[in-house]
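Everything on this sheet refers to the single structure shown next.
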Amino acid sequence: MLVFLGCQFFFWFPYYLGFYWLDILTTFQIVNAMTVFWLLISSISLFFFPSVLYGGLAKSDIKTNNVKHKAQLTNVEEKKLKELMHIIEASIEKNKLFLKAGYGLPEFSKDIGIPVYQISKSITHHFGMGFIDFINQKRIHYCVQKLDSGDWKNFTIEAIAQECGFNNRNSFTNAFKKFKGVLPSEYKAGHNSLPPAT
30 MLVFLGCQFF FWFPYYLGFY WLDILTTFQI VNAMTVFWLL ISSISLFFFP
80 SVLYGGLAKS DIKTNNVKHK AQLTNVEEKK LKELMHIIEA SIEKNKLFLK
130 AGYGLPEFSK DIGIPVYQIS KSITHHFGMG FIDFINQKRI HYCVQKLDSG
180 DWKNFTIEAI AQECGFNNRN SFTNAFKKFK GVLPSEYKAG HNSLPPAT
């Protein structure tokens with residue numbers, strides 16, 4: 030970033046030379062040429078290296094900072110996050126809140142009386158995912174249990190998605206594929222083709 034900003038000096042350098050020994054027309058042409066050249070270099074640089082705008086942190090640096098931040102949690106903070114996670118898990122499982130369609134973090138925060146940022150921090154710390162993925166993982170786990178038990182043997186994919194709390198088939202299919210590695214139709218077909226247990 031410092032190099033990028035430092036190069037701005039050369040953008041105006043010919044203009045300053047005009048004060049001493051260059052005529053106005055030559056100065057004007059050099060400044061215009063430098064402007065075009067610098068804008069071209071800047072555009073290409075920002076296109077291929079957009080991180081320059083944000084201080085130049087590479088992904089590896091961000092990961093390293095996250096690991097350091099995680100390691101810096103004190104025992105008290107770690108214990109508090111663990112207690113919060115226990116409350117979150119108990120509340121969400123006991124009341125099957127994950128089955129509500131369109132259920133989000135603000136609603137969950139209101140239901141259990143814990144601030145949004147604390148819920149988010151606890152889930153991210155323990156599972157490395159956001160609230161939506163956390164909820165979707167619970168939904169898919171519930172779905173798999175129902176499919177494995179044969180309770181939803183005759184349900185369509187749309188009906189299963191609705192029963193699990195998804196708004197539509199696409200979001201259900203994407204979440205299922207993400208957490209199980211197969212499409213729900215493939216998983217269901219595999220169970221339907223199995224012979225009945227004796």
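Numbers in this note's numbering are just positions in the sequence shown, counted from 1, shifted up by 29.
We put the beta carbon where it would ideally sit given N, CA and C, even for glycine.
Every value quoted in this text rests on a predicted model; they were computed, and no experiment measured them.
Going by beta-carbon coordinates alone, are residue i and residue j separated by less than 7 angstroms?
i	j	result
K129	G194	yes
K167	F127	yes
F205	I164	no
Answer with buried or exposed for residue i, where buried requires no fewer than 16 other C-beta atoms within 10 angstroms of its C-beta.
i	result
A62	exposed
P135	exposed
K182	exposed
A87	In this prediction, A87 scores a pLDDT of 45, lower than 50, which makes its location untrustworthy; no coordinate-derived value is stated.
K123	exposed
I117	buried
L113	buried
F160	buried
I73	exposed
Any beta carbon of chain D sitting closer than 7 angstroms to that of residue i?
i	result
A62	Checking the listed chains, one finds no chain D in this structure; it contains a single protein chain.
Any contact of the stretch 171-188 with the stretch 142-154, i.e. 3+ C-beta pairs under 8 angstroms?
-> By the Cβ rule, the stretch 171-188 does not count as touching the stretch 142-154, because fewer than three pairs are nearer than 8 angstroms.
Inter-stretch contact at 8 angstroms, needing at least 3 Cβ pairs: the stretch 150-157 / the stretch 182-201 | Using a Cβ-Cβ distance cut-off of 8 angstroms, the stretch 150-157 and the stretch 182-201 are not in contact, since fewer than three pairs of beta carbons, one from each stretch, lie closer than that value.
Give, in chain order, every unbroken run of the beta strand (DSSP E) that is at least 3 residues long and sits entirely within the stretch 171-201.
-> When DSSP assignments are scanned along the stretch 171-201, no uninterrupted stretch of beta strand (DSSP E) that is 3 or more residues long falls wholly within it.
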